[in-house]
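Note that the sequence shown covers residues 70 to 258 in this note's numbering.
Ideal Cβ placement from N, Cα and C applies to all residues, glycine included.
Notes for the one structure printed next.
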Amino acid sequence: MEAVNIEDLRQLARKRLPKVLFDFIDGGSYDEVTLRANVADLNRIRFRPKVLVDVSQRSLETTLFGRKLTVPIILAPVCSAGVFARCGEEAAARAAQRCDTTLCLYTASICSIEEIAAQRQTPYMFQLYMGQDRDHARDLVERAQAAGCFALALTVDTVVGVSATRMFATATWSRPGSCHAMSSTRCCM
70 MEAVNIEDLR QLARKRLPKV LFDFIDGGSY DEVTLRANVA DLNRIRFRPK
120 VLVDVSQRSL ETTLFGRKLT VPIILAPVCS AGVFARCGEE AAARAAQRCD
170 TTLCLYTASI CSIEEIAAQR QTPYMFQLYM GQDRDHARDL VERAQAAGCF
220 ALALTVDTVV GVSATRMFAT ATWSRPGSCH AMSSTRCCM
């Protein structure tokens, strides 16, 4: 099956990943009310292309925090992408580099901040879960800054843990983000 849209990719993931992993990335928290509302909102978006206009000088280029991006796309932080695909974070870093855009690295990525920096010639963003351990958070921010990250995406919605009902119904799983995987010294499980 060749994927031509997001639903095709979703179905490929459903076939290829263990159920607990698919349920984690496909699901939402608690009864998934917000997830369903977000999907419904996104499904209401329609493209309204302009017709009969000059398209010889078209460009998708944009600027983010003073940095030029060829396309208005940022690869969002995905929970330990290295769990879902071998060297997932490294692959995402290389893909963003090839497309002349950026990525936002997840706090608990399988690969370290420094390993991702080694994959890129251009800076990237770092996502930080602000937990109770302020010294650990400070260390991560300092490492991200030293690695050339140009922006910090501060996530503040996880001070109190949430329940991913669908995922926990499938298998026992430690809550993502609860480990200090960023201190890992090697990529690829």
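DSSP, reduced to helix, strand and coil, places T131 within a strand of the structure shown.
DSSP places F195 in the strand class (E or B) of the three-state scheme. Annotated three-state conformation of R136 is strand, per DSSP. According to the DSSP secondary-structure assignment, I143 is paired through a beta bridge with T171. Within the same chain, and ignoring the five residues on either side of T131 in sequence, the residues whose Cβ sits closer than 7 Å to its Cβ are L138 and P141. Judged by beta-carbon spacing, I143 lies within the 7 Å limit of C173, meaning their Cβ atoms are closer than that value. The three-state reading of DSSP puts T103 in helix, counting H, G and I together.
With contacts defined as CB atoms closer than 7 Å, G157 and A150 qualify as a contacting pair. For L81, the secondary structure class from DSSP, reduced to helix, strand or coil, is helix. Apart from sequence neighbours up to five positions away, the residues of its chain that approach P192 with a beta-carbon distance below 8 Å are R136, T171, G217, C218 and F219, ordered along the chain. For the pair Y175 and Q196, the CB atoms are nearer than the 7 Å cut-off. Look at A215 here: in three-state DSSP terms it is helix. Excluding five sequence positions before and after A213, the CB atoms of its chain that fall closer than 6 Å to its own CB belong to I182 and F195, given in chain order. If you check the CB distance, G97 and L104 come in under 7 Å. When the beta-carbon positions are compared, A72 and L81 come within less than 7 Å of each other. F134 counts as exposed, since fewer than 16 other beta carbons sit within 10 angstroms of its beta carbon.
One alpha carbon belongs to G200, the other to K88, and they sit about 29 Å apart.
In the DSSP assignment, A186 falls outside any beta strand (DSSP E) and within the unbroken alpha helix (DSSP H) covering I182 to Q188.
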